[in-house]
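See structure below.
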Amino acid sequence: MGILPYSAAVDKWNAKKAFSYALSRRLAASDDETLLKRAETMKTCANTTSHAYCTECGTLVLDRVWLCRDRLCPVCAWRLSLHRFAAMCHVFDHLCATSEDGTIQVAMLTLTIRNVNADKLRETINAMQAGLRLMTKRRAWVRWVDGWARSTEVTYSSKQKNMHPHIHVLLHFKPGYDKHIAQHEFTEMWQACLGIDYKPIVDIRRCYERTPTTTEFWKRTLGVALEGLKYATKPASLKAMPDPVLFEYARQLARLRLVAYGGSIKQGLKVLGLTKHAEESGESGTEGAMIAECPKCASAALVNVILEWSEAGGEYFLRSM
Ligand SMILES: [Zn+2]
Ligand SMILES: [Zn+2]
Numbered sequence: 006m007g008i009l010p011y012s013a014a015v016d017k018w019n020a021k022k023a024f025s026y027a028l029s030r031r032l033a034a035s036d037d038e039t040l041l042k043r044a045e046t047m048k049t050c051a052n053t054t055s056h057a058y059c060t061e062c063g064t065l066v067l068d069r070v071w072l073c074r075d076r077l078c079p080v081c082a083w084r085l086s087l088h089r090f091a092a093m094c095h096v097f098d099h100l101c102a103t104s105e106d107g108t109i110q111v112a113m114l115t116l117t118i119r120n121v122n123a124d125k126l127r128e129t130i131n132a133m134q135a136g137l138r139l140m141t142k143r144r145a146w147v148r149w150v151d152g153w154a155r156s157t158e159v160t161y162s163s164k165q166k167n168m169h170p171h172i173h174v175l176l177h178f179k180p181g182y183d184k185h186i187a188q189h190e191f192t193e194m195w196q197a198c199l200g201i202d203y204k205p206i207v208d209i210r211r212c213y214e215r216t217p218t219t220t221e222f223w224k225r226t227l228g229v230a231l232e233g234l235k236y237a238t239k240p241a242s243l244k245a246m247p248d249p250v251l252f253e254y255a256r257q258l259a260r261l262r263l264v265a266y267g268g269s270i271k272q273g274l275k276v277l278g279l280t281k282h283a284e285e286s287g288e289s290g291t292e293g294a295m296i297a298e299c300p301k302c303a304s305a306a307l308v309n310v311i312l313e314w315s316e317a318g319g320e321y322f323l324r325s326m
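To convert a position in the sequence shown, counted from 1, into the numbering used here, add 5.
So this is what it looks like as structure tokens:
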């Protein structure tokens, strides 16, 4: 890949696209009409990517790509995670700037349930998301939680050969919050809202407390927190699923709304005009924007670089200019 500029960026595209291509091949082996169609679309995802290359500093910036936006697609999951991360950073900046003392408190709450078989995923996730809706109406929640961002994730247990659905919820607390809701209270609320007869595993950890002097630390810890909101299913889990499980998983999760926002975070996204960037669109389409100058060094000395995916080569090649 030596002839390509900024090969680190190209390596990333190569890895995501190769994985997406492999997944589309697996789906293409199913006998389900809908999955075959999805496989066909996913196969063409990001086949051509157009970038602006800065001849001054070597930055490579995407300016146009066609994406399949299938929930299973690793290319699309990666693109969405970048946008979502950026959107959340802006929202937290905004919440900080508009708070009384320039401080916000955020924690990551993880809500789980016992593992289920793949064919029970849809009803289980629906029940969990309904449970969370009930939880947001609880007195303690209403008193202390100002906003939230939830992301439902499914991991595959190779050992038990079943699914582990769980919900990550980023909580933005109201001013003055000081661990007013204890871990066991979160657990009790979750159990009651789910209506189950066992104690579910619930984890709550403070992500960060941002003050005007801790910006750097804040950025780092936010990154860690947002890791949890990144994927519906991590690449390793998708790889570990045997084909029949993968097919069932793909069917069960179709059109479920796995990401949602509430309160101050939802409002912040709206005010900043970022709602669209933070949610799955589900519709295939293009991503990108005209780039007039390098976002890194502001140089206008840009050349257009077009990369084309080669099925045979298993990587992108530079289209001759
Ligand atoms: Zn530059
Ligand atoms: Zn895609």
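Note that CB positions come from ideal geometry on N, CA and C, so glycine has one too.
Practice problem: Excluding the 5 residues preceding and the 5 following H68 in the sequence, name in chain order all residues of the same chain whose CB lies nearer than 7 Å to its CB. | Solution: Numbered from its first residue, the sequence shown carries residue 68 at position 63. It is worth fixing the name first, because residue 68 is Asp in this sequence and not His. Taken in chain order, the residues that qualify are S55, H56, A57, G293, A294, M295, I296.
Quiz item: Name the DSSP bridge partner or partners of S55?
Solution: Against the sequence shown, residue 55 aligns to sequence position 50. According to DSSP, which records beta bridges pairwise, S55 is partnered with R69, I311.
Quiz prompt | Coil, strand or helix - D151 by DSSP | solution = For the purposes of this step, residue 151 is taken as residue 146 along the sequence shown, with counting starting at 1. D151: strand per DSSP, three-state reduction.
Quiz prompt | Where E158 falls, given that 16 or more other Cβ within 10 Å makes a residue buried | solution = The residue given as residue 158 occupies position 153 in the sequence shown. Buried.
Quiz prompt | Reference S269; option with closest CA among V150, H88, C73, L32 | solution = Numbered from its first residue, the sequence shown carries residue 269 at position 264. The residue with the shortest Cα to Cα distance from S269 is V150.
Quiz prompt | Straight-line Cα distance separating Y254 from A123 | solution = Taking the first residue of the sequence shown as 1, we reach residue 123 at position 118. Taking the first residue of the sequence shown as 1, we reach residue 254 at position 249. So the two alpha carbons sit approximately 6 Å from each other.
Quiz prompt | Segments assigned beta strand (DSSP E), at least 3 residues, entirely inside the stretch 70–149 | solution = 109–117
Quiz item: What residue does the beta strand (DSSP E) around G290 start on, and which one ends it?
Solution: Against the sequence shown, residue 290 aligns to sequence position 285. Start and end: 290–292.
Self-check item: Inter-residue spacing [alpha-carbon to alpha-carbon] between S25 and L231
Solution: Working through the sequence shown from its first residue, we reach residue 25 at position 20. Working through the sequence shown from its first residue, we reach residue 231 at position 226. So the alpha carbons of these two residues sit roughly 23 Å apart.
Self-check item: Contacting residues, own chain, Cβ-Cβ under 7 Å from F90 (five flanking each side not counted)
Solution: For the purposes of this step, residue 90 is taken as the residue at position 85 of the sequence shown. Cβ neighbours of F90 beyond the five flanking positions: L231.
Practice problem: Would you check whether ligand 2 has a heavy atom nearer than 6 Å to the C-beta of L251? | Solution: Position 246 of the sequence shown, counted from the first residue, corresponds to residue 251. Flag unset: Cβ of L251 not near ligand 2.
Quiz item: Would L40 be called buried (16 or more neighbouring beta carbons within 10 Å of its own) or exposed?
Solution: If you number the sequence shown from 1, residue 40 lands on position 35. Buried is the call here.
Quiz item: Given 8 Å as the limit, is there contact between the stretch 134–146 and the stretch 190–199, that is, 3 or more CB pairs closer than that?
Solution: yes
Exercise. Kindly give me the distance between the Cβ atoms of V70 and T291, rounded to whole angstroms, as I take these residues to be in contact under 8 Å.
Key: By 1-based counting over the sequence shown, the position of residue 70 is 65. By 1-based counting over the sequence shown, the position of residue 291 is 286. V70 to T291, Cβ: 7 Å. Contact.
Quiz item: With respect to 6 Å, is the separation between the Cβ of K42 and the closest non-hydrogen atom of ligand 1 below this value?
Solution: Locating residue 42 in the sequence shown gives position 37, where the first residue counts as 1. No, ligand 1 has no heavy atom inside 6 Å of this Cβ.
Practice problem: Please say whether I172 and R155 have beta carbons closer to each other than 7 Å? | Solution: Translated into positions along the sequence shown, residue 155 becomes position 150. Translated into positions along the sequence shown, residue 172 becomes position 167. Yes, Cβ-Cβ distance for R155 and I172 is below 7 Å.
Quiz item: Rounded to a whole number of angstroms, what is the C-alpha to C-alpha distance between V121 and E320?
Solution: As a first step, residue 121 is located in the sequence shown; it is residue number 116 there, counting from the start. As a first step, residue 320 is located in the sequence shown; it is residue number 315 there, counting from the start. Cα to Cα, V121 sits roughly 37 Å from E320.
Quiz prompt | Per-residue DSSP class, three states only, for A306 | solution = Sequence index remark: in the sequence shown, residue 306 carries index 301 (1-based). Looking at A306 - three-state DSSP - the assignment turns out to be coil, as it is neither helix nor strand.
Practice problem: Have a look at V80, W18, D16 and flag the residue whose alpha-carbon is nearest the alpha-carbon of E289. | Solution: On the sequence shown, position 284 is the one that residue 289 refers to. Just to set this straight, residue 289 is Ser in the shown sequence, not Glu. Among V80, W18, D16, the Cα nearest to that of S289 belongs to V80.
Quiz prompt | Cβ-heavy atom distance, E61 to ligand 1, below 6 Å | solution = One-based indexing of the sequence shown puts residue 61 at position 56. True, at least one ligand heavy atom lies under 6 Å from that Cβ.
Exercise. Select from R30, V264, I209, T103 the residue whose C-alpha is nearest the C-alpha of A44.
Key: Taking the first residue of the sequence shown as 1, we reach residue 44 at position 39. Closest option to A44, Cα to Cα, is R30.
Quiz item: Which residue or residues does DSSP assign as beta-bridge partners of E320?
Solution: For the purposes of this step, residue 320 is taken as residue 315 along the sequence shown, with counting starting at 1. Note: E320 sits in a beta bridge opposite S315.
Practice problem: Whole angstroms is fine: what's the gap from C59's alpha carbon to M194's? | Solution: For the purposes of this step, residue 59 is identified with residue 54 of the sequence shown, where counting begins at 1. For the purposes of this step, residue 194 is identified with residue 189 of the sequence shown, where counting begins at 1. Those two C-alpha atoms are separated by around 53 Å.
Exercise. Whole angstroms is fine: what's the gap from K179's alpha carbon to P300's?
Key: Locating residue 179 in the sequence shown gives position 174, where the first residue counts as 1. Locating residue 300 in the sequence shown gives position 295, where the first residue counts as 1. Their Cα atoms are separated by approximately 35 Å.
Quiz item: Are the beta-carbon atoms belonging to L77 and L28 less than 7 Å from one another?
Solution: Residue mapping note: residue 77 aligns to position 72 of the sequence shown, counting from 1. Residue mapping note: residue 28 aligns to position 23 of the sequence shown, counting from 1. The answer is yes: Cβ separation under 7 Å.
Self-check item: Proximity to T238 [Cα-Cα], best of K42, C73, P170, T129
Solution: Position 233 of the sequence shown, counted from the start, is the residue given in the question as residue 238. The residue with the shortest Cα to Cα distance from T238 is P170.
Quiz prompt | Same chain, Cβ closer than 7 Å to V147, five either side skipped, listed in chain order | solution = In the sequence shown, counting from the first residue as 1, residue 147 sits at position 142. Correct list: empty, nothing qualifies.
Practice problem: Flag this pair as yes or no: are the beta carbons of T129 and P205 separated by less than 7 Å? | Solution: Position 124 of the sequence shown holds residue 129. Position 200 of the sequence shown holds residue 205. Result no, Cβ atoms of T129 and P205 do not sit closer than 7 Å.
Quiz prompt | R256 - DSSP class collapsed to helix/strand/coil | solution = Walking along the sequence shown from the start, residue 256 turns up at place 251. Helix at R256.
Quiz prompt | Nearest residue (CA-CA) to G287, options D37, D183, A259 | solution = By one-based count along the sequence shown, residue 287 stands at place 282. Nearest option by C-alpha distance: A259.
Quiz item: Is it buried or exposed for C50, if we count other Cβ within 10 angstroms and need 16 for buried?
Solution: Locating residue 50 in the sequence shown gives position 45, counting from the first residue. Buried.
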